[in-house]
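These notes are about the structure you will find just below.
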Amino acid sequence: MITVSIEKMLNAYHGQQVLHINRQFASGSITKIYGPSGSGKTTFLKLVAGLITPEKGAITAGTLTWFNAEKKIDLPVQKRNIGFVFQNYALFPNMNVRQHLQYATNDEQWINRLLHLGKLDTLYTRRPNYLSGGQQQRLAILRALTTKPQLLLMDEPFSALDPKMKTELIAELKAILRELGTTALIVSHNPQELDGLADSELVFEGE
Amino acid sequence: MDLSPIWLTLKLAGITTVLLLIVGLPFAWWLSRGRSFFKIIAEAIITMPLVLPPSVLGFYLLVAFSPQRGLGKWLNDVFDVRFVFSFQGLVLASVIYSMPFMIGPVKSALQQLSPALSEASYTLGKTKWQTFWHVLLPNIKPSLFSAIVLTFAHTLGEFGVVLMIGGNIPGVTRVASIAVYDSVEKMDYAAANNYSLILFALTFVLVIAVFVFNKYNTKSPLV
Chain A
1 MITVSIEKML
11 NAYHGQQVLH
21 INRQFASGSI
31 TKIYGPSGSG
41 KTTFLKLVAG
51 LITPEKGAIT
61 AGTLTWFNAE
71 KKIDLPVQKR
81 NIGFVFQNYA
91 LFPNMNVRQH
101 LQYATNDEQW
111 INRLLHLGKL
121 DTLYTRRPNY
131 LSGGQQQRLA
141 ILRALTTKPQ
151 LLLMDEPFSA
161 LDPKMKTELI
171 AELKAILREL
181 GTTALIVSHN
191 PQELDGLADS
201 ELVFEGE
Chain B
1 MDLSPIWLTL
11 KLAGITTVLL
21 LIVGLPFAWW
31 LSRGRSFFKI
41 IAEAIITMPL
51 VLPPSVLGFY
61 LLVAFSPQRG
71 LGKWLNDVFD
81 VRFVFSFQGL
91 VLASVIYSMP
101 FMIGPVKSAL
111 QQLSPALSEA
121 SYTLGKTKWQ
131 TFWHVLLPNI
141 KPSLFSAIVL
151 TFAHTLGEFG
161 VVLMIGGNIP
171 GVTRVASIAV
181 YDSVEKMDYA
191 AANNYSLILF
201 ALTFVLVIAV
211 FVFNKYNTKS
221 PLV
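If you read the protein sequences in the order shown, they are chains A and B.
73 is the number that UniProt numbering gives to position 73 of the first sequence; each next residue is one higher, with no gaps.
40 is the number that UniProt numbering gives to position 40 of the second sequence; each next residue is one higher, with no gaps.
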């Protein structure tokens, strides 16, 4: 169980607004997150990851406290065992497909399985510049899975995929998340695409 | 022709560049992250040698490290180290004088990288050091190469600061630029021409190397 009860001041179009989230996510659950642009969805993922610090509140994962403003606990992102798929992919230009995965794990069997999952097994020597948008996005998803994370945070992870690839990848991702027991929070502008994947939802209000 | 000033110059430039790589890279990384008043001051101090007359910097180094008083006396008495009229003094002055050539390009390049690259690395469990070494540094290679070559080339051409703190001791502090000046003083234009030609050729080759290396990145090293 991951419990999030946090507050963070956001700079919004109409001035400052407070992002307040109070929510529990069951272990292994998959939650789709949607809402208008600028409502704080990406910020929320980064707050949970530990890339941004909340002003108030607490985040716990099972018995482990990741963040507690009162007790001044702020576990570094490196120790939270999370995977993060960035909206702009954030791929490393100096690394080829395989090196992206090898950077995070030495488990070659797991790497081969991920490459097969993302249909990148024949493109493993290519650097991001030589991949299509869809291939880059799949690599970003695979990279986030290399550490077998306890919590997977995905920011618009399927936006560049064609419908066929999206359907296949979502089905395989669901199976892998179930196998790993990974909890997932997935931000999407098109929540319908996650209907077969997510079992709960979190809606962000507009500005 | 006495080649010792050329070898001494190359030795000075090499040591200065290596020291600035060790000191400058972490410093550039620190400066590239966020902005505070303290960092602005630090950056201004590092940039000063670009605009300050070299003789001014050399004068203050001469005063600071004079073995007669203060820090210079303490270093001399406790560690038996002298920075005035010695090769180590030249190295110290060169490191300070060439610092902006190493730190400036590297800091700018690091600032241009998306913060998401570091964040992605952190989410994979990597430390700041691992991220710097495996992700940030390889992705600023052209700027890093420019910084290394320009630092080396700039050290080859140092004159004022080196003359002030090192003087003109053959085999110890008499680098090529000082040998040119000294030869002209002695009306030995042939020797001055030889030293000048070697310095010109060396720096030209280095600058060409930077432009060739950066050609594939469609980027001028002067930007």
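Think of the CB as a built atom: it goes at the ideal place given N, C-alpha and C, for glycine as much as any other residue.
Closest by C-alpha distance to residue i, when choosing among the options
i, options, result
"Val166(B)", "Pro54(B), Gly24(B), Phe37(B), Phe38(B)", "Looking at the sequence provided, one finds Gly at residue 166(B) rather than Val. Minimum Cα distance to Gly166(B) is reached at Pro54(B)."
"Lys79(A)", "Glu43(B), Lys126(B), Val84(B)", "Lys126(B)"
"His154(B)", "Ile15(B), Ala109(B), Asp2(B), Leu3(B)", "Ile15(B)"
"Pro5(B)", "Ile208(B), Asp182(B), Glu43(B)", "Asp182(B)"
"Ala171(A)", "Asp121(A), Gly196(A), Ser27(A), Val187(A)", "Gly196(A)"
"Phe86(A)", "Glu168(A), Glu201(A), Val187(A), Leu194(A)", "Val187(A)"
"Ser118(B)", "Lys119(A), Arg126(A), Leu91(A), Gln136(A)", "Leu91(A)"
"Gly24(B)", "Thr47(B), Leu3(B), Met187(B)", "Thr47(B)"
"Val106(B)", "Leu124(B), Asn139(B), Ser86(B)", "Asn139(B)"
"Arg127(A)", "Ala160(A), Gln192(A), Val97(A)", "Val97(A)"
"Leu19(A)", "Thr65(A), Gly38(A), Pro76(A)", "Gly38(A)"
"Ser146(B)", "Phe132(B), Pro100(B), Met187(B)", "Pro100(B)"
Three-way DSSP call (helix, strand, coil) for residue i in this model
i, result
"residue 243(A)", "In the structure as shown, chain A begins at 1 and stops at 207. Residue 243(A) is therefore absent and cannot be evaluated."
"Lys215(B)", "helix"
"Ser118(B)", "helix"
"residue 218(A)", "Since the first residue shown for chain A is 1 and the last is 207, residue 218(A) is missing from the structure and cannot be characterised."
"Glu168(A)", "helix"
"Leu197(B)", "helix"
"Ser200(A)", "strand"
C-alpha gap between residue i and residue j, whole angstroms
i, j, result
"residue 225(B)", "Val84(B)", "In this structure chain B extends from 1 to 223, so residue 225(B) is not present and cannot be described."
"Leu222(B)", "Tyr130(A)", "In this predicted model, Leu222(B) has a pLDDT of only 46, less than 50, meaning its place in the structure is not dependable enough to derive any value."
"Leu90(B)", "Val175(B)", "10 Å"
"Thr3(A)", "Asn112(A)", "34 Å"
"Leu137(B)", "Gln68(B)", "43 Å"
"Phe65(B)", "Val161(B)", "13 Å"
"residue 227(A)", "Pro36(A)", "Outside the shown range of chain A, which is 1 to 207, sits residue 227(A), and nothing can be said about it."
"Pro170(B)", "Asp107(A)", "60 Å"
"Gln111(B)", "Leu202(A)", "35 Å"
"Met9(A)", "Glu70(A)", "17 Å"
"Leu197(B)", "Leu156(B)", "13 Å"
"Thr125(A)", "Phe159(B)", "49 Å"
"Ile6(A)", "Arg178(A)", "27 Å"
"Val205(B)", "Ser159(A)", "49 Å"
Below-8 Å beta-carbon distance, residue i vs any chain B residue
i, result
"Phe204(A)", "no"
"Val77(A)", "yes"
"Ala184(A)", "no"
"Tyr130(A)", "no"
"Gly15(A)", "no"
"Ala61(A)", "no"
"Ser11(A)", "Looking at the sequence itself, residue 11(A) is Asn, so the reference to Ser does not match. Chain B, which has no Cβ nearer than 8 Å to the Cβ of Asn11(A), makes this no."
"Leu54(A)", "Looking at the sequence shown, residue 54(A) is not Leu but Pro. Chain B contact via Cβ: absent."
"Tyr103(A)", "yes"
"Asn88(A)", "yes"
Any chain A beta carbon closer than 8 Å to residue i
i, result
"Ala116(B)", "yes"
"Val106(B)", "no"
"Ala120(B)", "yes"
"Leu124(B)", "yes"
"Pro142(B)", "no"
"Asn139(B)", "yes"
"Thr127(B)", "yes"
"His154(B)", "no"
"Val63(B)", "no"
"Val51(B)", "no"
Practice task
Note down, in chain order, all residues in the segment 167-201 of chain B with a beta-carbon under 9 Å from any beta-carbon belonging to chain A.
Solution key: Listed by position along the chain: nothing, the set is empty.
Practice task
May I ask you to list, following chain order, the residues of the segment 1-25 of chain B that have a beta carbon less than 7 Å from some beta carbon of chain A?
Solution key: Listed in sequence order: no entries.
Practice task
Name, going along the chain, the residues of the segment 145-176 of chain A whose beta-carbon falls closer than 9 Å to a beta-carbon of chain B.
Solution key: If the cut-off is 9 Å between Cβ atoms, the segment 145-176 of chain A has Thr146, Thr147, Pro149, Leu153 near chain B.
Exercise for the section: Using a Cβ-Cβ cut-off of less than 7 Å, list which residues of the segment 90-101 of chain A approach chain B; keep chain order. Expected result: So the close ones are Ala90, Phe92, Pro93, Asn94.
Problem - Residues, ordered as in the chain, of the segment 40-51 of chain A that lie near chain B by beta-carbon distance below 9 Å - result: Against chain B - using a Cβ distance shorter than 9 Å - the residues of the segment 40-51 of chain A are Lys46, Ala49, Gly50, Leu51.
Exercise for the section: Could you run through the segment 33-60 of chain B and flag, in chain order, every residue whose CB is less than 8 Å away from some CB of chain A? Expected result: Hits within the stretch: zero.
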